[in-house]
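Per the numbering used here, the very first residue in the sequence shown carries number 1; after that it's consecutive.
Glycine included, C-beta positions come from ideal geometry on N, C-alpha and C.
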Amino acid sequence: AYHSLEDRIVKSAFRDLAEPCICPPGLPVCGCGRIASGRLVTRGAVTAGAAEVAENPRARSARLRVLTRISDASGTAAGHPSRP
């Protein structure tokens, strides 16, 4: 993402995909039965290092966030049909 609004949208979407439960925090037992469809690989956004910014000044504003899909037991990944 190059813009702070884009980064905020991506951050929110990734957090929603990685969250296994959407029940209110006050409930003692989860009743939604939701399964997380992704796992966050990086804790926060990865930004360019000093060497990369020196080589490419536009990289200064770039942020990278990584999410991996979690496959279920049937071999499909996050509700998508398995690929051959």
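{"query": "Counted within 10 angstroms of its Cβ, other Cβ atoms place S37 as buried (16 or more) or exposed", "result": "buried"}
{"query": "Beta-carbon proximity list for R83, same chain, < 8 Å, skipping 5 on both sides", "result": "Residue placement at R83 is flagged as unreliable, the pLDDT there being 49, under the threshold of 50; a coordinate-derived value is accordingly withheld."}
{"query": "Every unbroken beta strand (DSSP E) inside the region 4–55 [3 residues or more]", "result": "38–40"}
{"query": "Nearest residue (CA-CA) to P20, options A48, L40 and R58", "result": "L40"}
{"query": "Beta-carbon gap between L64 and V53 smaller than 7 Å", "result": "no"}
{"query": "Strand pairing of R63, partner residues [DSSP]", "result": "T47"}
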